[in-house]
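Per the UniProt record's numbering, the very first residue in the sequence shown carries number 1; after that it's consecutive.
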Amino acid sequence: MDKNEKQAISGQGGRPTREVSEQIGQRILDAASLLLLRDGYEATSMDAVALQAGVSKRTLYTRFPAKSQLFEAVVSDVLDHKLRLLEEDREGEDQKAQGGLNDQLLSFAGRLHRIILVPEIIGLERVIISEAKQFPELADRVLRRLGELAVRRLYDLILPFLPSDGRSEQLMYKDAEIFLVMVVLPPLRNALLGRSEVGLAGVDKDFIERAVDLFVKGVQSDCRLSASTHSMVIAERA
């Protein structure tokens with residue numbers, strides 16, 4: 001047993017408290033994340049994780065019997081953290097939302113870039129891609145979970161700017177998915193491939209502004225067309 005573990009459970013009848021147990025678990029995940037992002041999956045050993053986390057191998061294997069399970073836990077931990085940031089960001093932005101649809105979408109795109117275009121996510125995506133054959137489900141889990149929350153947020157953001165009867169909920173969600181493809185995937189792909197810097201400095205702002213402008217014009221034009229078609233149908237029936 002590691003010295004830190006002995007100190008943590010001293011006076012507790014040999015069993016760590018729930019708080020201490022959670023702290024040990026987080027230390028393991030933080031250590032594994034550091035090594036995985038730095039060295040890759042194959043080069044990261046369980047022994048190295050235990051040493052980095054300051055825990056015994058017995059403690060590590062009790063919580064994560066296999067390296068694959070530890071890797072999946074690291075992915076989930078990073079995702080949970082980013083999702084919390086996105087939710088917290090939403091609470092703050094809801095209180096000061098202003099401007100037209102273009103302005104709000106540009107602002108939201110910037111917030112997504114700040115959360116996603118960071119070394120932690122870029123590094124994790126690179127590891128996941130390199131291990132896609134061994135972990136096929138993980139290959140899209142990061143973007144899928146972040147995307148699901150972002151799509152719900154975009155739906156809420158776009159809805160007030162469109163006619164109440166001009167767009168179905170299903171189509172609205174599809175519009176939100178298209179928005180993410182237009183403004184998030186290009187800078188993410190460039191960062192993954194090393195074509196641009198990681199972070200906001202690597203984002204082509206002109207490209208994003210043009211993408212948002214095209215998206216807004218497309219959605220609004222589609223709504224006007226749908227409304228016009230709907231009126232024509234009603235007139236024909238009359």
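Beta carbons are placed, not taken as given, at the ideal position from N, Cα and C, and that holds for glycine.
Asked: If distances are taken between C-alpha atoms only, which option among Gln23, Gly194, Leu171 comes closest to Val118?; Found: Gly194
Asked: DSSP three-state label for Glu169, please.; Found: helix
Asked: Is Ile129 buried or exposed, if buried means 16 or more other CB atoms sit within 10 Å of its CB?; Found: exposed
Asked: Assess contact between the stretch 74-81 and the stretch 139-158, defined as three or more Cβ pairs (one per stretch) separated by less than 8 Å. Is contact present?; Found: yes
Asked: Taking 8 Å as the cut-off, decide whether the C-beta atoms of Val151 and Leu180 are in contact.; Found: yes
Asked: Measuring alpha carbon to alpha carbon, tell me which of Lys67, Leu149, His113 ends up nearest Ala201.; Found: His113
Asked: I need the straight-line Cα distance from Arg63 to Arg141, nearest angstrom please.; Found: 22 Å
Asked: Where do the ends of the alpha helix (DSSP H) carrying Pro186 lie?; Found: 185-192
Asked: In whole angstroms, what separates the C-alpha of Ile158 from that of Val203?; Found: 23 Å
Asked: Please report the residue range of the alpha helix (DSSP H) in which Phe108 lies.; Found: 101-116
Asked: If you draw a straight line from the C-alpha of Pro186 to the C-alpha of Ile208, how long is it?; Found: 9 Å
Asked: On the criterion of 16 or more Cβ atoms from any shown chain inside 10 Å, does Gln134 qualify as buried, or is it exposed?; Found: exposed
Asked: Please name the residue in Ala31, Gly199, Arg210, Leu105 whose C-alpha comes closest to that of Phe161.; Found: Leu105
Asked: By the 10 Å Cβ neighbour count, where 16 or more other Cβ atoms means buried, how is Ser33 classified, buried or exposed?; Found: buried
Asked: Looking only at C-alpha atoms, which of Asp206, Ala109, Lys205, Gly25 sits nearest to residue 259?; Found: Examination of residue 259 is not possible in this model, given that the chain is present from 1 through 238 alone.
Asked: Can you grab the Cα-Cα spacing for the pair Lys205 / Leu35, in whole Å?; Found: 33 Å
Asked: Ordered along the chain, which non-local residues of its own chain (more than five positions away) have a Cβ less than 6 Å from that of Arg111?; Found: Asp89
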